[in-house]
Amino acid sequence: GAGVSQSPSNKVTEKGKDVELRCDPISGHTALYWYRQSLGQGLEFLIYFQGNSAPDKSGLPSDRFSAERTGGSVSTLTIQRTQQEDSAVYLCASSGRGRGGNEQFFGPGTRLTVL
Amino acid sequence: AQTVTQSQPEMSVQEAETVTLSCTYDTSESDYYLFWYKQPPSRQMILVIRQEAYKQQNATENRFSVNFQKAAKSFSLKISDSQLGDAAMYFCAVQGAGSYQLTFGKGTKLSVIP
């Protein structure tokens, strides 16, 4: 079956502009995660959805970052007034359940470049 | 809080040889899971192997195996008979049993020399 997909694959934007990153999880997966991977760094957890609810938003770096999930499926990560330090690869993952060591299946990521 | 340390930023191995990637972690959870993920240049993270901390037996998946030392909080990955397709970034991660997020190390870049 289809894996996790993300769009766009690459996004170049100017400082101060808003961007939206999209994630389509594996069908039937109730848990969805966003991570950020900066150059030379590991993956930094941003937010987790169980269904359409986000129990923990504490990983979001600032109030410029927001995310939503609709219909228990597609999720959008929005970054307002982008800054150069937002440049990174944004990875989305999904799993059948949120806890219990379930494998998280990752998408190919969106590479965001803020000029 | 959880932390994961991968002390080898880069490693190389001859094709068909064996290589071991190191990982140490710290967690306050009494029950947790450990993972190794592979990230090739395509960026897509792929699960290599998973270990449940309450199981003493080391996990194995074909050419991949782990050496899990719970008391030392060490979780190394051994790749046997290395292949060119094994070249990638490898990330170690920990997840508390009651948690949902993975905490990753900074990764080890593995090169395979033909």
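Protein chains in written order, with this note's numbering: chain A, 594 to 708; chain B, 876 to 989. The beta-carbon is built from N, C-alpha and C at its ideal position, and this holds for glycine as well.
Residue-level contact check: TYR641(A) touches chain B, since one or more beta carbons of chain B fall below 8 Å from its beta carbon.
DSSP places LEU959(B) in the helix class (H, G or I) of the three-state scheme. Judged by DSSP in its simplified three-state form, GLU696(A) adopts coil rather than helix or strand. Using a 10 angstroms sphere on the CB of LEU959(B), the tally of other CB atoms stays under 16, which defines it as exposed. Fewer than three beta-carbon pairs drawn from the stretch 878-894 of chain B and the stretch 939-947 of chain B are found closer than 8 Å, and the two stretches are therefore not classed as touching. Taking a Cβ-Cβ cut-off of 7 Å, the neighbours of GLY635(A) in chain B comprise PHE966, PHE979, GLY980, LYS981 and GLY982, given in sequence order. For GLY596(A), the CB contacts under 8 Å within the same chain, skipping 5 residues up- and downstream, are ILE619, PHE698 and GLY700 in chain order. GLU927(B) has a beta carbon lying within less than 8 Å of a beta carbon in chain A.
Taking CB atoms only, PRO701(A) has a neighbour in chain B less than 8 Å away. Contiguous beta strand (DSSP E) elements confined to the stretch 611-657 of chain A occur at 612-617, 624-630, 636-643 and 646-649, taking only those with 3 or more residues. Per the Cβ contact rule, the stretch 981-988 of chain B is not in contact with the stretch 920-927 of chain B (fewer than 3 Cβ pairs under 8 Å). For SER897(B), the closest Cβ of chain A is not nearer than 8 Å. Here the alpha carbons of CYS616(A) and ARG662(A) stand approximately 9 Å from one another. In the DSSP assignment, THR899(B) falls within the unbroken beta strand (DSSP E) covering 899-902. A Cβ-Cβ separation of about 5 Å places SER680(A) in contact with VAL707(A) under the 8 Å criterion. Here GLY633(A) is exposed. Its C-beta has fewer than 16 other C-beta atoms within 10 Å. It is roughly 5 Å from the alpha-carbon of PHE910(B) to the alpha-carbon of ALA968(B).
Contact of VAL682(A) with chain B is assigned, a C-beta pair being separated by under 8 Å. Comparing alpha-carbon positions, the option among GLY971(B), ALA963(B) and SER974(B) lying closest to GLN919(B) turns out to be ALA963(B).
Considering only beta carbons, the part of the stretch 907-920 of chain B lying closer than 7 Å to chain A consists of TYR908, SER917, ARG918, GLN919 and MET920, in chain order.
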